[in-house]
Amino acid sequence: MKVINRQEAHVIKTPHGSEIRPLIDRTTSEILLCSLAEETLPAGHAVTPHHHFKTEEVYYILRGQGRMTIGEETREVGAGDAIFIPRGNTHTLLNTGAEPMTILLVCGPAYTLEDTYVDE
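For the sequence shown, my numbering gives the first residue as 5, with consecutive numbering after it.
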């Protein structure tokens, strides 16, 4: 059995100012088909626009509000929203609230940095 507590998870600081905690992924276990991480996105910050060729993603917003853009579509999102991000689609999330956003990141197959392409 593999149990990773968020308090003990390694913290990755991103160039766009967020903190990502890999919970169950290729760095913490032998998992290959999916992964789970938690991201904290500060107020006023946005996830760097990027896409994946192999990975599908789901962003699940636990706390906060923002503006999600996938491809050419933009929509207001908030706590309780689950957002599907198909492979090959450039995506970003802007925190439009006054507080940090907390987002669960679910990827399939499991996330790899090699499948992340920045679209700036």
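A virtual CB, placed ideally from N, CA and C, is assigned to each residue, including glycine.
(message) Within the continuous beta strand (DSSP E) that includes Arg30, where are the two ends?
(response) Numbered from its first residue, the sequence shown carries residue 30 at position 26. From DSSP, Arg30 is part of no beta strand (DSSP E); its letter is neither H nor E.
(request) Would you list the one or two residues that DSSP bridges to Tyr121? (result) If you number the sequence shown from 1, residue 121 lands on position 117. Note: Tyr121 sits in a beta bridge opposite His55.
(request) Starting from Asn93, follow the beta strand (DSSP E) in both directions and report where the run begins and ends. (result) Position 89 of the sequence shown holds residue 93. Per DSSP, Asn93 lies in no beta strand (DSSP E) segment and is marked neither H nor E.
(request) State the Cα-Cα distance for the pair Lys6 and Ile28, rounded to the nearest angstrom. (result) Taking the sequence shown and counting its residues from 1, one reaches residue 6 at position 2. Taking the sequence shown and counting its residues from 1, one reaches residue 28 at position 24. Spanning the alpha carbons of Lys6 and Ile28 requires a straight line of approximately 8 Å.
(request) For Ala83, count neighbouring C-beta atoms within 10 Å of its own C-beta (all shown protein chains included) and say buried if the count is 16 or more, exposed if not. (result) Residue 83 sits at position 79 when you count from the first residue of the sequence shown. By the 16-neighbour rule on beta-carbons within 10 angstroms, Ala83 is exposed.
(message) Is the separation between the beta-carbon of His49 and that of Gly21 shorter than 7 Å?
(response) Locating residue 49 in the sequence shown gives position 45, counting from the first residue. Locating residue 21 in the sequence shown gives position 17, counting from the first residue. Using a Cβ distance threshold of 7 Å, His49 and Gly21 count as a contacting pair.
(message) Distance check for Thr94 and Thr120, CA to CA, integer angstroms please.
(response) As a first step, residue 120 must be located in the sequence shown, where it is residue number 116. As a first step, residue 94 must be located in the sequence shown, where it is residue number 90. Thr120 and Thr94: Cα-Cα distance of roughly 10 Å.
(request) Write down the C-beta distance between Glu12 and Leu109 rounded to the nearest angstrom, noting that I regard them as a contact closer than 8 Å. (result) If you number the sequence shown from 1, residue 12 lands on position 8. If you number the sequence shown from 1, residue 109 lands on position 105. In this structure Glu12 does not touch Leu109 by the C-beta definition: roughly 18 Å separates them, more than the 8 Å allowed.
(request) Work out the CA separation of Tyr115 and Gly70 for me, nearest whole Å. (result) Locating residue 70 in the sequence shown gives position 66, where the first residue counts as 1. Locating residue 115 in the sequence shown gives position 111, where the first residue counts as 1. Cα to Cα, the separation comes out at about 23 Å.
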